[in-house]
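Counting with my numbering, you get residues 480 to 769 for the letters of the sequence shown.
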Amino acid sequence: MAVRKARPRRPLQPKKKTSLQCGRFTLPLEKPLLMGVVNVTPDSFSDGGRFFAAEAAVSHARRLAEEGAEIIDIGGESSRPGAAPVSDQQELERILPVLERIGDLCVSVDTRRPAVMKAALAAGASMINDIQALSEPYALEAVAGTGCAVCLMHMKGQPATMQHEPRYDDVVGEVKTFLREAVRKARFAGIGADRIAIDPGFGFGKTARHNLEILRKLGELRSLGAPIVAGLSRKSTIGHLTGRPLDERLAGSLAMALLALQGGARILRVHDVKETKDVIAVWQAYKNES
Ligand code: 9MG
């Protein structure tokens, strides 16, 4: 009697996502995506009054979209250490006038406040980028019933104090465990897997050494089955490595973008879209040749 050989079992891996559902936008993930940063905080667009700030932010968002950003990430609260906290009302007063004028674009709103999430989604936002991974009470509920995408980010501590000697036994392991749990909670709340992206949160409660270790082992997060967002653009780690101030970190940011792509990042959150687009073009050509 013929004996049928048992097929070798492959370890169960989550299915590779081929697109990210962001509200009415389906973003293909075969090619890396760019998320262009538009901060709508008083220190970002000079203080010529509220209307002026909104207009400047809208023009900036349009420029980033023309340069090739598939997603525009707008935020009304600075997460820099020491930044003054804002109320729901202040945050909404900053972002809504911008959001209302760029409703034709795929807009992500960087917020951790459920009330802001709800109002932003009602005003046309397609994605919520939460540095706290939807951990505020009612944050999951605010987004679950909508079709928006979510970016779940790891942060150790709170922005005001997170850079006070952060410590880890195993930074990559800790970030991975946190993100796995954040994805599980989001799925349990009813958010489809095709709506979820994850982000290790470079610089959020991490030293330059931690950031570099995560970057080296970024590929270990792939098994979580969600596209990886990497935000390294102009960050202080680049300042630490190069000695350059904020406005001279383009070359360092582009080097970081390339390393993140090589590690498996699928979405790059950047300030310099045009230049990072070229990095993607070079990386893709390199990949296709190998
Ligand atoms: C809002 N913000 C600032 N830095 C960020 C990063 O690295 N990732 C994400 N998702 N958001 C960020």
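Glycine included, C-beta positions come from ideal geometry on N, C-alpha and C. A quick note: this is a predicted structure, and the numbers were derived from the prediction, not measured.
Please report how far the alpha carbon of alanine 764 lies from the alpha carbon of phenylalanine 667, in whole angstroms. For the purposes of this step, residue 764 is taken as the residue at position 285 of the sequence shown. For the purposes of this step, residue 667 is taken as the residue at position 188 of the sequence shown. The alpha-carbon atoms of alanine 764 and phenylalanine 667 are separated by roughly 39 Å.
What does the Cβ neighbour count give for valine 537, buried or exposed, with the cut at 16 atoms within 10 Å? The sequence position of residue 537 within the sequence shown is 58, counting from 1. Buried: at least 16 other Cβ atoms inside 10 Å.
Give the single residue among Leu613, Leu747, Gly603 whose Cα lies nearest to the Cα of glutamate 660. Residue mapping note: residue 660 aligns to position 181 of the sequence shown, counting from 1. Selected option, being the one with the closest Cα: Leu613.
Per DSSP, which residues does methionine 606 bridge with? Please list them. As a position in the sequence shown, residue 606 is number 127, starting the count at 1. Answer by DSSP bridge pairing, in chain order: Ser587, Ala628.
Under 6 Å from any heavy atom of the ligand 9MG, by CB: list those residues in chain order, please. Every residue with a CB closer than 6 Å to a heavy atom of the ligand 9MG is listed here in chain order: Gly554, Ser558, Asp589, Asn608, Ile610, Cys630, Met632, Asp678, Gly680, Phe681, Val708, Gly710, Arg748.
Taking the C-alpha atoms as reference points, what is the distance between arginine 644 and arginine 559? Here residue 644 corresponds to residue number 165 of the sequence shown, with the count starting at 1. Here residue 559 corresponds to residue number 80 of the sequence shown, with the count starting at 1. A small correction: the amino acid at residue 644 is glutamate; arginine does not occupy that position in the sequence shown. Rounded to whole angstroms, glutamate 644 and arginine 559 show a C-alpha spacing of 16 Å.
Three or more C-beta pairs below 8 Å linking the region 690 to 699 and the region 724 to 732: no
Going by other Cβ atoms of all chains shown within 10 Å of its Cβ, with 16 needed for buried, is asparagine 767 buried or exposed? Within the sequence shown, numbered from 1, the residue matching residue 767 stands at position 288. Looking at its Cβ environment, which holds fewer than 16 other Cβ atoms inside 10 Å, asparagine 767 is exposed.
Could you check where the beta strand (DSSP E) with methionine 442 kicks off and where it finishes? Residue numbering for the chain in the displayed model covers 480 to 769; residue 442 lies beyond these limits and cannot be assessed.
Backbone secondary structure at proline 564 - three-state DSSP: As a working mapping, residue 564 is identified with position 85 in the sequence shown. Three-state DSSP puts proline 564 in coil, outside helix and strand.
When you compare each of Thr721, Leu697, Leu740, Lys714 to histidine 750 by their alpha carbons, which one comes out closest? In the sequence shown, residue 750 corresponds to position 271, counting from 1. Among Thr721, Leu697, Leu740, Lys714, the Cα nearest to that of histidine 750 is on Lys714.
Measuring CB to CB, does leucine 438 end up less than 8 Å from alanine 739? It is not possible to answer for residue 438, since the shown part of the chain is limited to 480 through 769.
To the nearest angstrom, how far is it from the Cα of glycine 603 to the Cα of leucine 578? On the sequence shown, residue 603 is found 124 positions in, with the first residue counted as 1. On the sequence shown, residue 578 is found 99 positions in, with the first residue counted as 1. Their backbone Cα atoms lie some 7 Å apart in a straight line.
My understanding is that leucine 631 touches leucine 658, with C-beta atoms under 8 Å, so please give their C-beta distance in whole angstroms. To locate residue 631, count along the sequence shown from 1; it is residue 152. To locate residue 658, count along the sequence shown from 1; it is residue 179. Yes, leucine 631 and leucine 658 are in contact; Cβ-Cβ is about 6 Å, under 8 Å.
Enclosing alpha helix (DSSP H) for proline 474 [first to last residue]: Residue 474 lies beyond the residue range present for the chain, which begins at 480 and ends at 769; the question has no answer from this structure.
Are the beta-carbon atoms belonging to alanine 665 and leucine 499 less than 8 Å from one another? For the purposes of this step, residue 665 is identified with residue 186 of the sequence shown, where counting begins at 1. For the purposes of this step, residue 499 is identified with residue 20 of the sequence shown, where counting begins at 1. Cβ atoms of alanine 665 and leucine 499: not closer than 8 Å.
Tell me the rounded alpha-carbon separation between leucine 508 and aspartate 678. Taking the sequence shown and counting its residues from 1, one reaches residue 508 at position 29. Taking the sequence shown and counting its residues from 1, one reaches residue 678 at position 199. Taking the straight line joining both Cα atoms gives about 15 Å.
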